[in-house]
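Q: Protein sequence lines, in the order shown, are assigned to chains E and R. Each residue of the first sequence is one higher than the last, beginning at 1 in the UniProt record's numbering. Each residue of the second sequence is one higher than the last, beginning at 1 in the UniProt record's numbering. There's a structure below that I have some questions on.
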Amino acid sequence: MQIPLSLQFINLLAALLLLIAFAMLTQRRILSLINLFALQGFVLALSTFVVAYSASQHHLYYSAGLTLLLKVLLLPWLLHRLIRKLNVRWDVETMINIPTTMLVGIALVIFSFNLAAPISQLSEGITRGLIGIALASVLLSLLMMLTRRKAVSQVVAFLSLENGLFFAATSATQGMPLVVELGIALDVLVATFIFGIFFFQIRETFDSLDITHMEKLKDD
Amino acid sequence: MIDSQLLALLLIPLSGGLLLAVFGSRSWAAELNSLMSFGTFVASVILTMRIIDSGPQVAFGEEFFIDQFNVFLVALTAFVAFTTSLFSRPYMRIEQHHGKLSVGMLHLYYSMYQMFTFAMLVALTTNNMGIVWVAMEAATLTTVLLVSLYRTPASLEAAWKYFILCGVGIALALFGTILLYFAAERLLGEGGTALLWTHLNQVKSGLEPTVLKLAFVFLLVGYGTKVGLVPLHSWLPDAHAEGPTPVSAVLSGLLLNVALCAVMRSKVLVDGSLGTHFAGNLMMGFGLLSVVVASVSLFRQKDIKRMFAYSSIEHMGLITFAFGMGGPVATFAGLLHMTVHSLTKSAIFFAVGHAVQKTGTQVMENIRGLLQVSPTVGWGLALGTFAILGMPPFGVFSSEFLIITTAMHEYPWTTPILLIALGIAFAAIFGKIQPVVFGETTAKRLPHSPALIPVFAHLLLVLMLGLYMPPYLANWYRQAAALLG
Numbered sequence: 001m002q003i004p005l006s007l008q009f010i011n012l013l014a015a016l017l018l019l020i021a022f023a024m025l026t027q028r029r030i031l032s033l034i035n036l037f038a039l040q041g042f043v044l045a046l047s048t049f050v051v052a053y054s055a056s057q058h059h060l061y062y063s064a065g066l067t068l069l070l071k072v073l074l075l076p077w078l079l080h081r082l083i084r085k086l087n088v089r090w091d092v093e094t095m096i097n098i099p100t101t102m103l104v105g106i107a108l109v110i111f112s113f114n115l116a117a118p119i120s121q122l123s124e125g126i127t128r129g130l131i132g133i134a135l136a137s138v139l140l141s142l143l144m145m146l147t148r149r150k151a152v153s154q155v156v157a158f159l160s161l162e163n164g165l166f167f168a169a170t171s172a173t174q175g176m177p178l179v180v181e182l183g184i185a186l187d188v189l190v191a192t193f194i195f196g197i198f199f200f201q202i203r204e205t206f207d208s209l210d211i212t213h214m215e216k217l218k219d220d
Numbered sequence: 001m002i003d004s005q006l007l008a009l010l011l012i013p014l015s016g017g018l019l020l021a022v023f024g025s026r027s028w029a030a031e032l033n034s035l036m037s038f039g040t041f042v043a044s045v046i047l048t049m050r051i052i053d054s055g056p057q058v059a060f061g062e063e064f065f066i067d068q069f070n071v072f073l074v075a076l077t078a079f080v081a082f083t084t085s086l087f088s089r090p091y092m093r094i095e096q097h098h099g100k101l102s103v104g105m106l107h108l109y110y111s112m113y114q115m116f117t118f119a120m121l122v123a124l125t126t127n128n129m130g131i132v133w134v135a136m137e138a139a140t141l142t143t144v145l146l147v148s149l150y151r152t153p154a155s156l157e158a159a160w161k162y163f164i165l166c167g168v169g170i171a172l173a174l175f176g177t178i179l180l181y182f183a184a185e186r187l188l189g190e191g192g193t194a195l196l197w198t199h200l201n202q203v204k205s206g207l208e209p210t211v212l213k214l215a216f217v218f219l220l221v222g223y224g225t226k227v228g229l230v231p232l233h234s235w236l237p238d239a240h241a242e243g244p245t246p247v248s249a250v251l252s253g254l255l256l257n258v259a260l261c262a263v264m265r266s267k268v269l270v271d272g273s274l275g276t277h278f279a280g281n282l283m284m285g286f287g288l289l290s291v292v293v294a295s296v297s298l299f300r301q302k303d304i305k306r307m308f309a310y311s312s313i314e315h316m317g318l319i320t321f322a323f324g325m326g327g328p329v330a331t332f333a334g335l336l337h338m339t340v341h342s343l344t345k346s347a348i349f350f351a352v353g354h355a356v357q358k359t360g361t362q363v364m365e366n367i368r369g370l371l372q373v374s375p376t377v378g379w380g381l382a383l384g385t386f387a388i389l390g391m392p393p394f395g396v397f398s399s400e401f402l403i404i405t406t407a408m409h410e411y412p413w414t415t416p417i418l419l420i421a422l423g424i425a426f427a428a429i430f431g432k433i434q435p436v437v438f439g440e441t442t443a444k445r446l447p448h449s450p451a452l453i454p455v456f457a458h459l460l461l462v463l464m465l466g467l468y469m470p471p472y473l474a475n476w477y478r479q480a481a482a483l484l485g
């Protein structure tokens, strides 16, 4: 059976998305991490655009535009500005056990493909087999949040988690209703601003953006 | 008609938030905050009477949906938000007097308080499962800066944990929502209507069971994080202990309920699709686990606000368990318990807030003999504690009694677990609060007179619900329970 060109292209982009998720998982430099996040946003916007074109879903063009604006331009710009102001631009994070993290990541991918298999079988649309990849990149971002110790990289992980969710929305369902997407985009934007405020408050209080300082609250 | 009533309910807190964003640092900001909350409460009463008279309604081209279940939470939310605003007026002034808060911080607080009410009311009344998510996230965003209002290291840590953990939780809920949409789209077609709850409810028996099962797991874990269900509860005690007390009161009394409402809406759909007790079993499991873990943790607490935060986890677990059992009696009991828990817990937090101000510490060992210095705060705390521990004749007793007798009937093996957990909670809380109220005192006088009317108003209502349930109210709860199945 001939697979249509657009579907092949979307599959390629999905694979790229997963690859970027792995790259982010192991990237230690904060600056490169933000650039990877911007790249992920770009791939996401491109795949949304292709879905919009091949399924002729007009509202997805708006989503693609919104993604491009928000996740490729605005959020990375904000993050760049923040790390410049906070003077953590060249920070390198010490991470233990990158190989183990990678192996856990691979296990997560296998797990999510298994979990998504029965759902993928139900699908008849052009892009629905991709829900496993979307779930995998969501779980990889969660893993990244767990392994990071710097506030900025945790936030990048949070934002990339949202990218994975957005990919799930476009690949599995050809886009949520526009009003919901707008609401989600607004929430993400506000969240980023609040994270920015937090960075300054945390730095002012702890003299560092290391969240290992913030493990004092216990039950006794 | 319904449109304008709903519009009033949503526009009053929204405009309150905007007004206070401008005028929040004026000396009358606290009064404006209370006035706006009162307006919201009046609007909610009008809406409630309308819904009870004429049944479920959709508004604004089906974008909003109000039935007996969510209007009950709307009324409760608006009422507790109003009384909390009354409490926060003197409370925040005393904090300012003690030099803990600046005018700028109060400005933020008043504005965000109204926006938080707005976000919760949207989450409750919207018909769109996607907007439920957006509003729940907005409710987190409005409160996260309030938790860190004091800017102490501990409060920053609590707020960061709250933000990250709830962010992750709510992201999982979004994935669940996407899966729900995926299943619905096949029946309802693409576009706006496939996420509308009323439409989903009509076609629920045709929704694909495998997808819905997975979707519900994600929705339960996601929104369950906000309900404070174990194991994703660790943000809750921190946020409650480190944030200002009015914020603890509304988080505990209201936000947890709103998150549970979202879970219940999903449960109705999943039950219809699967035809089994899958969702109920999951909820019972998580609920039971939360009750047990929370009551065991109560013993270790030294901070008074942390202890009552754990008590909230325990009670939310109990409500989740009751809703999980299902059936008219258990659901009725769950709704009643939601009401009495909100009222009692916020009353306790009001009393605790003033007690902490009088002694300058949240460590229970250093708070002693409240009755000597201020009998009203002392009695408020003592009676509130009796009520929350399920002593008759307070309403918590009736709802817990109903839940446990139903459990005895339907799932006998859960009864000993529940009874032991409640017993442990009783011993822990009573043992710690008794010397706080009685004995030699360590408290001082306050620069402003404390607001105790809300405390006793709430406790009186809880007492009334324990002694006599008006037929009007009972009928309303029964209708709501019937909707939830």
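Idealized CB from N, CA, C, for every residue including glycine.
1. At a Cβ threshold of 9 Å, is V321/R touching chain E?
2. Which complete alpha helix (DSSP H) runs does the region 377-453 of chain R hold, if anything under 4 residues is left out?
3. Any beta carbon from chain E within less than 9 Å of G167/R's own beta carbon?
4. Does the separation of the CB atoms of L47/R and V74/R fall below 9 Å?
5. Comparing C-alpha positions only, which one of V168/R, P56/R, L195/R sits nearest to A157/E?
6. Looking at chain B, is there any beta carbon in it that lies within less than 9 Å of the beta carbon of E93/E?
7. Helix, strand or coil: how does DSSP classify F216/R here?
8. Keeping to the same chain, check which residues put their C-beta closer than 6 Å to that of A81/R; ignore five residues upstream and five downstream.
9. Along the chain, where does the alpha helix (DSSP H) that runs through A351/R open and close?
10. Tell me, which residues are paired with T126/R by DSSP?
11. Is there a Cβ of chain E sitting closer than 9 Å to that of A159/R, yes or no?
12. Can you give me the Cβ contacts of A119/R inside the same chain, cut-off strictly under 7 Å, excluding the 5 residues immediately before and after it?
13. Please state if the CB of V377/R and the CB of L370/R are separated by a distance shorter than 9 Å.
14. I'd like to know whether the C-beta of S42/E is nearer than 9 Å to at least one C-beta of chain R.
15. I'd like the list of long-range same chain contacts for A191/E, defined as Cβ closer than 8 Å, with 5 residues on each side in sequence excluded.
16. According to the Cβ coordinates, are R89/R and E31/R closer than 9 Å?
17. Any C-beta of chain E sitting closer than 9 Å to the C-beta of G130/R?
18. Could you give the DSSP three-state label for K150/E: helix, strand or coil?
19. Suppose you measure from the CA of T152/R to the CA of T205/E; what does that come to, to the nearest Å?
20. At 4 residues or longer, and completely inside the region 88-139 of chain R: list those alpha helix (DSSP H) runs for me, N to C.
21. Strictly below 8 Å CB to CB, what residues from chain E border T210/R?
22. Which ranges would you report for the beta strand (DSSP E) in the region 159-239 of chain R if only whole runs of at least 3 residues count?
23. Taking only beta-carbon atoms, is V144/R less than 9 Å away from chain E?
24. Would you please verify whether the beta carbon of I164/R is less than 9 Å from any beta carbon of chain E?
25. Any Cβ of chain E within less than 9 Å of the Cβ of E137/R?
26. Between S102/R and chain E, is the shortest Cβ-Cβ distance under 9 Å, so that the two count as touching?
27. I'd like to check one pair, E400/R with L318/R: are the Cβ atoms closer than 9 Å?
28. State the start and end residues of the unbroken beta strand (DSSP E) segment that holds V58/R.
29. Please report how far the alpha carbon of residue 486/R lies from the alpha carbon of K432/R, in whole angstroms.
30. Are P244/R and Y91/R close, meaning C-beta to C-beta below 9 Å?
31. Looking only at DSSP bridge pairs, what is V363/R linked to?
32. Can you name the residues of chain R whose CB is closer than 7 Å to the CB of L142/E?
33. So is P118/E buried or exposed if we call it buried at 16+ other beta carbons inside 10 Å?
34. Looking at the secondary structure, which residues open and close the alpha helix (DSSP H) in which Y472/R lies?
35. Going by alpha carbons, who is nearest to L463/R out of V340/R, V258/R, L76/R, S25/R?
36. Looking only at C-alpha atoms, which of W133/R, L200/R, S248/R, L214/R sits nearest to Y162/R?
A: Short version:
1. Counted from its first residue, the second sequence places residue 321/R at position 321. The question names Val, but residue 321/R in the sequence shown is Phe. By this cut-off, F321/R is not an interface position.
2. Note on the region 377-453 of chain R: whole alpha helix (DSSP H) runs with a minimum of 4 residues are 395-410, 414-437, in chain order.
3. One-based indexing of the second sequence puts residue 167/R at position 167. At a cut-off of 9 Å between beta-carbon atoms, G167/R makes contact with chain E.
4. Taking the second sequence and counting its residues from 1, the one referred to as residue 47/R is at position 47. Taking the second sequence and counting its residues from 1, the one referred to as residue 74/R is at position 74. Yes, the pair counts as a contact, with Cβ atoms nearer than the cut-off.
5. Residue 157/E sits at position 157 when you count from the first residue of the first sequence. The residue from V168/R, P56/R, L195/R with its alpha-carbon nearest to that of A157/E is V168/R.
6. In the displayed structure, chain B is absent; the protein chains listed are E and R.
7. The sequence position of residue 216/R within the second sequence is 216, counting from 1. F216/R carries a helical assignment under DSSP once its states are collapsed to helix, strand and coil.
8. As a position in the second sequence, residue 81/R is number 81, starting the count at 1. Contacts found: S37, T117.
9. Along the second sequence, one-based indexing puts residue 351/R at 351. Segment 328-359, the alpha helix (DSSP H) holding A351/R.
10. Along the second sequence, read from residue 1 onward, the residue named residue 126/R stands at position 126. In the DSSP output, where bridge partners are listed per residue, T126/R has F64/R.
11. Locating residue 159/R in the second sequence gives position 159, counting from the first residue. Yes, contact with chain E.
12. Counted from its first residue, the second sequence places residue 119/R at position 119. So the qualifying residues of the chain are A135, A138, A139, T142.
13. Sequence index remark: in the second sequence, residue 370/R carries index 370 (1-based). Sequence index remark: in the second sequence, residue 377/R carries index 377 (1-based). With contacts defined by Cβ atoms closer than 9 Å, L370/R and V377/R form a contacting pair.
14. Translated into the one-based positions of the first sequence, residue 42/E becomes position 42. A small fix is needed here, since residue 42/E is Phe in this sequence, not Ser. Output row for F42/E: interface = no.
15. Position 191 of the first sequence, counted from the start, is the residue given in the question as residue 191/E. If you ignore the 5 residues before and after A191/E, its C-beta comes within less than 8 Å of the C-beta of F158, all in its own chain and listed in chain order.
16. Start at 1 with the first residue of the second sequence, and residue 89/R comes out as number 89. Start at 1 with the first residue of the second sequence, and residue 31/R comes out as number 31. At a Cβ-Cβ threshold of 9 Å, R89/R and E31/R count as neighbours.
17. On the second sequence, residue 130/R is found 130 positions in, with the first residue counted as 1. Yes, contact with chain E.
18. To locate residue 150/E, count along the first sequence from 1; it is residue 150. Of the three classes helix, strand and coil, the one that applies to K150/E here is strand, per DSSP.
19. Here residue 152/R corresponds to residue number 152 of the second sequence, with the count starting at 1. Here residue 205/E corresponds to residue number 205 of the first sequence, with the count starting at 1. Distance between the alpha carbons of T152/R and T205/E: 8 Å.
20. Fully enclosed alpha helix (DSSP H) runs of 4 or longer: 103-125.
21. Stepping through the second sequence from its first residue, residue 210/R is reached at position 210. Those within 8 Å of T210/R in chain E are P118, I119, L122.
22. Here no run is fully enclosed.
23. As a first step, residue 144/R must be located in the second sequence, where it is residue number 144. Interface residue, yes.
24. For the purposes of this step, residue 164/R is taken as the residue at position 164 of the second sequence. Taking Cβ atoms only, chain E reaches closer than 9 Å to I164/R, which makes this a yes.
25. On the second sequence, position 137 is the one that residue 137/R refers to. Chain E contact via Cβ: present.
26. Here residue 102/R corresponds to residue number 102 of the second sequence, with the count starting at 1. Answer no: the Cβ-Cβ gap between S102/R and chain E never drops below 9 Å.
27. Position 318 of the second sequence, counted from the start, is the residue given in the question as residue 318/R. Position 400 of the second sequence, counted from the start, is the residue given in the question as residue 400/R. Closer than 9 Å, so yes.
28. Translated into positions along the second sequence, residue 58/R becomes position 58. Following the DSSP letters along the chain, one finds V58/R inside the beta strand (DSSP E) bounded by residues 57-59.
29. With chain R represented from 1 up to 485, any question about residue 486/R goes unanswered, as that position is not in the structure.
30. As a working note, residue 244/R is residue 244 in the second sequence. As a working note, residue 91/R is residue 91 in the second sequence. Their beta carbons are under 9 Å apart, which means P244/R touches Y91/R by this criterion.
31. Position 363 of the second sequence, counted from the start, is the residue given in the question as residue 363/R. According to DSSP, V363/R bridges with D303/R.
32. Translated into the one-based positions of the first sequence, residue 142/E becomes position 142. Chain R residues near L142/E: V168.
33. Residue 118/E sits at position 118 when you count from the first residue of the first sequence. Burial call: exposed.
34. Here the question's residue 472/R lines up with position 472 in the second sequence. Y472/R: member of the alpha helix (DSSP H) spanning 471-484, first to last residue.
35. Against the second sequence, residue 463/R aligns to sequence position 463. Residue V340/R is the option with its Cα nearest to L463/R.
36. Taking the first residue of the second sequence as 1, we reach residue 162/R at position 162. Minimum Cα distance to Y162/R is reached at S248/R.
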